[in-house]
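Protein chains: 2
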Amino acid sequence: MAVADPIARLVKELARLPGIGEKTAQRLAFHVLEAGPGYAQALSEAITGVVRDVHLCSRCQTLTDRDPCPICADPQRDARVVCVVEGVPDLLALERTHEYRGRYHVLHGSLSPLDGVGPGDLKIRELLVRLEEQPADEIVIATNPDVEGEATALYLAKLLKPLGLKVTRIAQGVPMGGDLEYADQVTLARALAGRREI
Amino acid sequence: MAVADPIARLVKELARLPGIGEKTAQRLAFHVLEAGPGYAQALSEAITGVVRDVHLCSRCQTLTDRDPCPICADPQRDARVVCVVEGVPDLLALERTHEYRGRYHVLHGSLSPLDGVGPGDLKIRELLVRLEEQPADEIVIATNPDVEGEATALYLAKLLKPLGLKVTRIAQGVPMGGDLEYADQVTLARALAGRREI
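Residue numbers (the working numbering), protein chains in the order written: chain C, 679 to 876; chain A, 679 to 876.
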């Protein structure tokens with residue numbers, strides 16, 4: 679006997695989540711069932727709610743339920759320094775250092791020709807439009823220190839330097855091949871402090 | 679800055695799942711967002727659907743969307759042998775051996791006085807009612823080979839033997855301290871074949 683169809687369906691959907699295999703998905707599905715209708719409803723509403731209420735900030739492209747997002751709306755944050763990151767988790771990691779008082783720009787990916795990700799798939803056009811509307815002095819490129827992140831940094835540097843912008847890269851305090859999202863706060867803070875022009 | 683409220687809410691709900699920490703929950707939440715409304719709707723509907731359509735089989739207490747469940751409804755399955763398991767994943771693990779042709783009874787837990795789980799919290803009353811309605815010859819106790827599972831097995835043996843039932847326990851082919859759900863099929867099949875009266 680296999681599991682009942684509704685359980686199989688939930689297992690299938692859960693197994694589409696990153697890092698969740700068939701076995702883990704089954705455990706999670708049974709937990710949802712055992713936890714009862716209250717939890718299932720809360721989880722289901724949280725899922726539909728997040729897709730309904732969260733969108734991209736029209737300025738920095740971060741995920742937010744307001745527009746502009748709290749960082750873009752904060753007059754205390756220096757609009758003349760823009761830190762470019764690959765994803766929202768990277769932005770959150772940098773915020774946890776409490777060392778950065780500028781604004782952000784989220785690319786939603788990195789250049790990866792092998793995966794068919796080109797400049798048009800990232801929020802680069804939005805960055806150019808934004809810099810035209812609200813000029814900046816410095817662009818801090820904080821893409822991941824891996825092949826794709828480095829390629830993205832070089833591409834952006836070539837694109838932005840002719841506009842008269844100072845383009846910097848976070849220092850290689852972050853270990854090569856690592857993942858920005860999981861770097862510790864001290865390392866990230868050092869990487870920010872040691873940024874150099876490229 | 680923290681994440682937007684709807685994201686924080688989803689992270690909180692996801693982190694209530696077993697084995698999912700704060701960091702993993704955040705990754706999953708961002709994946710739901712990046713995957714778009716189609717996936718979010720499918721996942722959300724699967725969650726509400728499973729709680730709406732799945733209930734306990736009135737005979738064996740397994741999770742099913744039919745009543746009686748396919749195993750209890752199958753005339754090919756020997757109703758005179760009832761295998762008692764702690765949870766539905768254990769039932770599924772035993773089914774995967776293709777060695778067992780009897781019926782099941784799911785306790786939905788094991789005796790654990792330290793966690794406040796007593797006989798009244800398990801589907802033991804339902805087992806007695808069911809055995810009265812449809813008599814069996816043998817009860818195979820396939821609770822986990824850990825402290826709680828052994829205690830549950832002994833409790834059930836004391837309860838059922840006075841009723842003139844043959845009470846057996848799956849053989850200790852399953853390693854002590856292990857988890858039935860994750861045992862390989864050969865080990866489980868051997869454990870079934872080597873069951874002995876207690």
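For every residue, glycine included, the Cβ atom is placed at its ideal position computed from N, Cα and C. Note that the structure is predicted; figures quoted are calculated from it, not measured.
- Among 768/A, 708/A, 723/A, 710/A, nearest to residue 856/A - alpha-carbon criterion: Residue numbering aside, residue 856/A sits at position 178 when the second sequence is read from its first letter. It is 768/A.
- Since residue 685/A meets chain C, which of its residues come closer than 7 Å, beta carbon to beta carbon? Numbered from 1 along the second sequence, position 7 holds the residue referred to as residue 685/A. Correct list: 728, 732, 741.
- Message: Comparing C-alpha positions only, which one of 688/A, 820/A, 695/A sits nearest to residue 773/A?
- Response: Walking along the second sequence from the start, residue 773/A turns up at place 95. Residue 773/A has its Cα closest to that of 820/A, out of 688/A, 820/A, 695/A.
- Message: By the three-class DSSP mapping on this structure, what secondary structure does residue 726/C have?
- Response: The count along the first sequence starts at 1 and reaches residue 726/C at position 48. Residue state, collapsed to three classes: helix.
- Task: Under 8 Å by Cβ, that's how I've got residue 687/A and residue 727/C pegged, so tell me the actual separation to the nearest angstrom.
- Result: Here residue 687/A refers to the residue found at position 9 of the second sequence. Here residue 727/C refers to the residue found at position 49 of the first sequence. About 7 Å; that satisfies the 8 Å criterion.
- Delimiting residues of the alpha helix (DSSP H) encompassing residue 698/C: To locate residue 698/C, count along the first sequence from 1; it is residue 20. From DSSP, residue 698/C is part of no alpha helix (DSSP H); its letter is neither H nor E.
- Query: Taking buried to mean at least 16 other C-beta atoms within 10 Å of its own C-beta, is residue 776/C buried or exposed?
  - Reply: The residue you call residue 776/C lines up with position 98 of the first sequence. Of the other Cβ atoms in all chains shown, fewer than 16 fall within 10 Å of the Cβ of residue 776/C; this residue is therefore exposed.
- Look up residue 688/A in the DSSP assignment and give the residues it is bridged to. The residue labelled residue 688/A in the question sits at position 10 within the second sequence. Answer by DSSP bridge pairing: none, since residue 688/A is not bridged.
- Query: Hey, would you say residue 743/C sits closer than 8 Å to residue 683/A, going by beta carbons?
  - Reply: Counting from 1 along the first sequence, the entry for residue 743/C is found at position 65. Counting from 1 along the second sequence, the entry for residue 683/A is found at position 5. Contact check for residue 743/C against residue 683/A passes: the beta carbons are separated by less than 8 Å.
- Is it the case that the Cβ atoms of residue 681/C and residue 734/A are separated by a distance below 8 Å? As a working note, residue 681/C is residue 3 in the first sequence. As a working note, residue 734/A is residue 56 in the second sequence. No. Outside cutoff.
- Item | Segment limits, alpha helix (DSSP H) that includes residue 757/C | Indexing the first sequence from 1 puts residue 757/C at position 79. Premise fails: residue 757/C lies in the beta strand (DSSP E), 756-763, not in any alpha helix (DSSP H).
- Task: Please look up how many angstroms separate the CB atoms of residue 740/A and residue 785/A, rounded, as I've assumed it's under 8 Å.
- Result: Here the question's residue 740/A lines up with position 62 in the second sequence. Here the question's residue 785/A lines up with position 107 in the second sequence. Taking the Cβ atoms as the reference, residue 740/A lies roughly 11 Å from residue 785/A, outside the contact range of under 8 Å.
- Message: What does the alpha-carbon distance come out to for the pair residue 804/A and residue 837/A?
- Response: Here residue 804/A is taken as the residue at index 126 of the second sequence, counted from 1. Here residue 837/A is taken as the residue at index 159 of the second sequence, counted from 1. Take the alpha-carbon of residue 804/A and the one of residue 837/A: they are about 13 Å apart.
- Query: Under the three-state reduction of DSSP, which class applies to residue 710/C: helix, strand or coil?
  - Reply: In the first sequence, residue 710/C corresponds to position 32, counting from 1. Residue 710/C: helix per DSSP, three-state reduction.
- Could you check the C-alpha separation between residue 693/C and residue 707/C for me, to the nearest Å? Your numbering for residue 693/C matches position 15 in the first sequence. Your numbering for residue 707/C matches position 29 in the first sequence. Between residue 693/C and residue 707/C, the C-alpha separation is close to 10 Å.
- Message: How far does the alpha helix (DSSP H) with residue 876/C in it extend, from its first residue to its last?
- Response: Position 198 of the first sequence, counting from 1, holds the residue named residue 876/C. Careful: residue 876/C lies outside any alpha helix (DSSP H) and carries neither H nor E.
- Message: I need the DSSP call for residue 801/C, collapsed to helix, strand or coil.
- Response: Against the first sequence, residue 801/C aligns to sequence position 123. Correct three-state label for residue 801/C: coil.
- chain D residues whose Cβ lies nearer than 7 Å to that of residue 688/C: In the structure shown, chain D does not exist; the protein chains are C and A.
- Is any beta-carbon of chain C found at less than 8 Å from that of residue 717/A? Residue 717/A sits at position 39 when you count from the first residue of the second sequence. It does; some Cβ of chain C falls within 8 Å.
- Does any residue of chain A bring its CB to less than 8 Å from the CB of residue 682/C? What you label residue 682/C is simply residue 4 of the first sequence in a count that begins at 1. Put simply, the CB of residue 682/C is near chain A, with a gap under 8 Å to one of its CB atoms.
- Go ahead and pull the three-state DSSP assignment for residue 705/A. Against the second sequence, residue 705/A aligns to sequence position 27. In this structure, DSSP gives residue 705/A a helical state, which the three-state scheme calls helix.
- Residues in the segment 756-784 of chain A having any Cβ partner in chain C nearer than 9 Å: Only those residues of the segment 756-784 of chain A whose C-beta falls short of 9 Å from the nearest C-beta of chain C are listed: 765, 766, 767, 769, 770, 773.
- Using a C-beta to C-beta distance shorter than 8 Å, which residues of chain C count as neighbours of residue 696/A? Numbered from 1 along the second sequence, position 18 holds the residue referred to as residue 696/A. Against chain C, a Cβ distance below 8 Å from residue 696/A picks out 705, 706, 709.
- Jot down the residue ranges of each uninterrupted alpha helix (DSSP H) in the segment 792-852 of chain C, minimum 4 residues, whole runs only, in chain order. Within the segment 792-852 of chain C, the complete alpha helix (DSSP H) runs of at least 4 residues are 802-811, 825-838.
- So, is the C-beta of residue 866/C closer than 8 Å to a C-beta in chain A? The sequence position of residue 866/C within the first sequence is 188, counting from 1. Judged by the 8 Å Cβ criterion, residue 866/C is not in contact with chain A.
- Outcome for residue 798/C when other beta-carbon atoms lying within 10 angstroms are tallied against a minimum of 16: As a working note, residue 798/C is residue 120 in the first sequence. With fewer than 16 other CB atoms across the displayed protein chains lying within 10 angstroms of its CB, residue 798/C is exposed.
- Start and end of the alpha helix (DSSP H) containing residue 766/C? Residue 766/C sits at position 88 when you count from the first residue of the first sequence. Membership of residue 766/C in the alpha helix (DSSP H) is indicated by the continuous run 766-773.
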